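Asks: Going by the numbering used here, the sequence shown runs without a break in its numbering and finishes at 566. We put the CB at the ideal spot given by N, CA and C, even for glycine. On a predicted model such as this, the values are computed, not experimentally measured, just so you know. Sharing a structure below in structure tokens format, with a few things to ask.
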Amino acid sequence: MPHRFRALFNHTQDAVWMADEAGRIAEANPAAVARFGAAVDGGEPRHLGDLLADPAEWQAVRGEVQHGQVWRRTVRLRVPGADPVAAELTCVAMHDARGGGQMQVIVHAPAQNAGADAMDDLFDARTGTPNRTAFLQHVARALATVARRPEHRFAVIHLDLNRFQRVNETLGHHRGDELLALAAQRLDACVRPGDVVARAAGDDFLVLLNGVRGPADAMRVAERMARALAGGYHLDGQEVFCGADVGVVVGEAEHGDAEQVLREAEVAMARARHTGVVQLFSADMHAQAVAAMRLHGDLHHALDRGQLRVFYQPIVGLDDGRVRGFEALVRWIHPERGLVSPAEFIPVAEETGLIVSIGEWVLEQAAHQLTDWHARYPAQPPLAMGINLSMRQFAKPGLVDHVQAVLERSGVDAAALKLEVTESIVMGDADDAIESLHALKALGVQLQVDDFGTGYSALSYLHRIPLDVLKIDRSFIVAMAGGSKHVAIVRAIIALAAALGLETTAEGVDDPAQATLLHEMGCTYGQGYLWGRPVEAAEAERLLGAGGERVNG
Ligand code: C2E
Ligand code: MG
Ligand code: MG
14 MPHRFRALFN HTQDAVWMAD EAGRIAEANP AAVARFGAAV DGGEPRHLGD LLADPAEWQA
74 VRGEVQHGQV WRRTVRLRVP GADPVAAELT CVAMHDARGG GQMQVIVHAP AQNAGADAMD
134 DLFDARTGTP NRTAFLQHVA RALATVARRP EHRFAVIHLD LNRFQRVNET LGHHRGDELL
194 ALAAQRLDAC VRPGDVVARA AGDDFLVLLN GVRGPADAMR VAERMARALA GGYHLDGQEV
254 FCGADVGVVV GEAEHGDAEQ VLREAEVAMA RARHTGVVQL FSADMHAQAV AAMRLHGDLH
314 HALDRGQLRV FYQPIVGLDD GRVRGFEALV RWIHPERGLV SPAEFIPVAE ETGLIVSIGE
374 WVLEQAAHQL TDWHARYPAQ PPLAMGINLS MRQFAKPGLV DHVQAVLERS GVDAAALKLE
434 VTESIVMGDA DDAIESLHAL KALGVQLQVD DFGTGYSALS YLHRIPLDVL KIDRSFIVAM
494 AGGSKHVAIV RAIIALAAAL GLETTAEGVD DPAQATLLHE MGCTYGQGYL WGRPVEAAEA
554 ERLLGAGGER VNG
């Protein structure tokens, strides 16, 4: 089929088949597959006669169709799992391009005969591409081909647009739709006839490459697609950039069904989100995805089964090395796996929203612990407690009320609580978050920016929120060993903080020379293995014994 007709063939809502002179079906378009695909018990139709409710009718059609003529007739077509439907058949017999005696027959069943609803279920109105349901049927056909010809290979590519939500939010849904249509066009330009580009949902696209030699072929196409999507889009007079996370899977006889192929492509895409490059699915990715899912299931119960603990890491004054407070850091004692690092489960908790209840629980524990320590280890100023708050806790109403309730229940000195937020809090539409931060501040607590310098720091946010402390990310502290330029960055951050009237805490200090240098540069506090790792409350108290004497690393 000429390439210029390919898009029409793929996208029309009419069912269209291509057959040879003898009526053997060579190709069916997505609409045909979707509506009449499994018309024959145990398989898809191979012959136009299979489609007809009365197979004998094919002989009549055959006898009447003349070379070069258009022939129309109302026939009844078989529909899987339903009564036959009347359809207007248009057959066009043509000589093939090489001028041979062969004939092509296009049988065309207009959509209205099958009910428009069924078609709406297969096409995505925004991009004009097949949707996920239709795509699955294409993949099922590709798998059927592999079953017949085991050397045949196909690939499925899952592409997830980045920042699409922001386009929707900032430029409006209309522009968002435009962007999706442009993206679909760019993907279409990367594929060959016989391939399928579909929009799965939201900003997810799926591509079927019918016939690849192996993974290297598929990766090349996928990388080309990633580059094509990354180019700027002109929307509403603005240039918008919108890359994609891309995962690839090569379809093989081992694949049980089309859903499995799509799942694997999605697992690879999820990995790409972390690595930033196009990812090919592999079996160990699957194992990890299963582990993550299990982790997620277990995490649901971790709180009510008492498997979470709060550990405390000392924070010292750099002037005298005395403990001035702690950061509360959650730990998960998993019954089988032992201690699970928060680096592993906090992201899962954030994705699932569990972080909200976990965060509330940590706050409650830490506040009560601090009240107890204030009574037993009085100091001037009183010991402080850093508590991490997740973005997700701000997204949900009730955070401020919860903090207030905890302050009342625990009776803790509010000024000694230092709530930590990351810079991402001010990303996007941050007005609500900023309002919450002001409300928290009004309760009397302190606010600090965690991991400062790693976020999307347009520094302008610094004066919009009522901050007390910048916590300089560990990566800057580690980098200081690399030379004077790195030291200059830390010096500049400390100076910036001082100019804004803020204190600074250096994170991840593990060497006395760093501590000395940081003190000289005017940094207020230090936190790191030099003074102590996060430990259980009882062990933390040993650092407080005898009124908080100097701790040595
Ligand atoms: P964070 O808030 O930046 O916490 C500091 C992390 O640095 C802690 O890791 C701590 O153990 C580690 N650290 C401290 N000193 C050193 C050092 O000298 N060297 C090295 N290599 N690491 C050091 P941890 O406990 O694994 O926590 C990781 C992250 O998980 C935290 O980073 C925080 O973002 C998150 N997290 C932990 N607990 C909570 C929580 O209760 N709620 C929320 N929302 N997040 C939490
Ligand atoms: Mg923190
Ligand atoms: Mg930090």
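Would you kindly check if the distance between the Cβ of alanine 235 and the Cβ of valine 262 is under 8 Å?
Replies: Residue mapping note: residue 262 aligns to position 249 of the sequence shown, counting from 1. Residue mapping note: residue 235 aligns to position 222 of the sequence shown, counting from 1. Contact: no.
Asks: Within the structure, which residues are defined as neighbours of ligand 2 by a Cβ-heavy atom distance below 5 Å, reported in chain order?
Replies: Those residues are Asn401, Glu433, Asp463, given in chain order.
Asks: List in chain order: all unbroken alpha helix (DSSP H) runs of 4+ residues lying wholly within the region 281-366.
Replies: Qualifying alpha helix (DSSP H) stretches, in chain order: 296-315, 355-365.
Asks: Indicate, with yes or no, if ligand 1 has a heavy atom lying under 7 Å from the CB of glutamate 340.
Replies: If you number the sequence shown from 1, residue 340 lands on position 327. Result yes, Cβ under 7 Å from ligand 1.
Asks: For aspartate 445, does the three-state DSSP call read helix, strand or coil?
Replies: Your numbering for residue 445 matches position 432 in the sequence shown. Helix.
Asks: Please report how far the alpha carbon of glycine 62 lies from the alpha carbon of glutamine 301, in whole angstroms.
Replies: Counting from 1 along the sequence shown, the entry for residue 62 is found at position 49. Counting from 1 along the sequence shown, the entry for residue 301 is found at position 288. Each residue's Cα considered, the two are about 48 Å apart.
Asks: At a cut-off of 7 Å, would you count proline 547 as near ligand 1, judging by its Cβ distance to the nearest heavy atom?
Replies: In the sequence shown, the residue the question calls residue 547 occupies position 534. Yes, since a heavy atom of ligand 1 falls inside the 7 Å radius drawn around the Cβ of proline 547.
Asks: Which residues in the same chain have their Cβ closer than 7 Å to the Cβ of valine 291, if we skip the five residues on either side of it in sequence?
Replies: As a first step, residue 291 must be located in the sequence shown, where it is residue number 278. If we look at valine 291 and ignore the five residues flanking it on each side, its Cβ neighbours are Met232, Ala235, Glu236, Ala239, Val259, Val261, Ala285.
Asks: Taking just the CA atoms, how far does leucine 432 sit from serine 423?
Replies: For the purposes of this step, residue 423 is taken as residue 410 along the sequence shown, with counting starting at 1. For the purposes of this step, residue 432 is taken as residue 419 along the sequence shown, with counting starting at 1. Between serine 423 and leucine 432, the C-alpha separation is close to 16 Å.
Asks: How long is the line joining the alpha carbons of tyrosine 542 and glutamate 373, rounded to whole angstroms?
Replies: Locating residue 542 in the sequence shown gives position 529, where the first residue counts as 1. Locating residue 373 in the sequence shown gives position 360, where the first residue counts as 1. Taking the straight line joining both Cα atoms gives about 27 Å.
Asks: Give me the residue from Val491, Tyr325, Leu420, Ser354 with the minimum Cα distance to alanine 557.
Replies: Walking along the sequence shown from the start, residue 557 turns up at place 544. A small correction: the amino acid at residue 557 is leucine; alanine does not occupy that position in the sequence shown. Nearest option by C-alpha distance: Tyr325.
Asks: For histidine 171 versus glutamate 279, is the C-beta spacing smaller than 8 Å?
Replies: Residue mapping note: residue 171 aligns to position 158 of the sequence shown, counting from 1. Residue mapping note: residue 279 aligns to position 266 of the sequence shown, counting from 1. Closer than 8 Å, so yes.
Asks: Do leucine 480 and leucine 509 have their C-beta atoms closer together than 8 Å?
Replies: Here residue 480 refers to the residue found at position 467 when the sequence shown is read from its first residue. Here residue 509 refers to the residue found at position 496 when the sequence shown is read from its first residue. In this structure, leucine 509 does not lie closer than 8 Å to leucine 480 by Cβ.
Asks: Taking the alpha carbon of cysteine 255 as the point to measure from, which residue in Leu242, Leu248, Glu267 has its own alpha carbon closest?
Replies: Here residue 255 corresponds to residue number 242 of the sequence shown, with the count starting at 1. When only C-alpha atoms are compared, the closest one is Leu242.
Asks: From which residue to which residue does the beta strand (DSSP E) around alanine 196 run?
Replies: Walking along the sequence shown from the start, residue 196 turns up at place 183. Unbroken run through alanine 196 is the alpha helix (DSSP H), 186-201; no beta strand (DSSP E).
Asks: Specify the secondary structure class of phenylalanine 254 as computed by DSSP and reduced to three states.
Replies: Against the sequence shown, residue 254 aligns to sequence position 241. Coil at phenylalanine 254, not helix or strand.
Asks: Comparing the CB of glycine 366 with every heavy atom of ligand 5, is any distance shorter than 7 Å?
Replies: This structure lacks ligand 5; the ligands present are ligand 1, ligand 2 and ligand 3.
Asks: From tyrosine 390 to glutamate 549, what distance separates their C-alpha atoms?
Replies: Residue numbering aside, residue 390 sits at position 377 when the sequence shown is read from its first letter. Residue numbering aside, residue 549 sits at position 536 when the sequence shown is read from its first letter. Between tyrosine 390 and glutamate 549, the C-alpha separation is close to 17 Å.
Asks: I need the straight-line Cα distance from isoleucine 485 to aspartate 217, nearest angstrom please.
Replies: Start at 1 with the first residue of the sequence shown, and residue 485 comes out as number 472. Start at 1 with the first residue of the sequence shown, and residue 217 comes out as number 204. If you take the alpha carbons of isoleucine 485 and aspartate 217, they lie about 37 Å apart.
Asks: Could you have a look at aspartate 130 and say whether DSSP puts it in helix, strand or coil?
Replies: To locate residue 130, count along the sequence shown from 1; it is residue 117. The pLDDT assigned to aspartate 130 is 49, lower than 50, so where the model puts this residue is not dependable; a value taken from the coordinates is nonetheless given after this. Aspartate 130 falls in the helix class under three-state DSSP.
Asks: So, for glycine 539: in the same chain, excluding its five sequence neighbours on each side, which residues have a beta-carbon less than 6 Å away from its beta-carbon?
Replies: Working through the sequence shown from its first residue, we reach residue 539 at position 526. The residues are Val329, Leu331, Ala519, Val522, Ala528.
Asks: Following the continuous beta strand (DSSP E) through histidine 247, name the residue where it begins and the one where it ends.
Replies: Numbered from 1 along the sequence shown, position 234 holds the residue referred to as residue 247. Taken as a continuous stretch (DSSP letters only), the beta strand (DSSP E) holding histidine 247 covers 246-248.
Asks: Looking at C-alpha atoms only, which residue of Leu219, Glu265, Leu472, His476 is the closest neighbour of alanine 505?
Replies: Your numbering for residue 505 matches position 492 in the sequence shown. If we check each option's Cα against that of alanine 505, Leu472 comes out closest.
Asks: What three-state label does DSSP hand valine 261 in the structure shown?
Replies: Looking up residue 261 in the sequence shown gives position 248. Correct three-state label for valine 261: strand.
Asks: Kindly indicate which residue of Gly468, Thr467, Phe407 has the alpha-carbon position closest to the one of isoleucine 447.
Replies: For this step, residue 447 is matched to residue 434 along the sequence shown. Answer by Cα proximity: Phe407.
Asks: Based on the DSSP secondary-structure assignment, which residues constitute the bridge partners of aspartate 270?
Replies: Indexing the sequence shown from 1 puts residue 270 at position 257. Paired residue(s): none; aspartate 270 is not in a bridge.
Asks: My output table needs one value for glycine 114: the three-state DSSP class, helix, strand or coil.
Replies: Within the sequence shown, residue 114 is the residue found at index 101, counting from 1. Only weak support is given to the placement of glycine 114: the predicted model assigns it a pLDDT of 44, under 50, and the question is left unresolved by the model.
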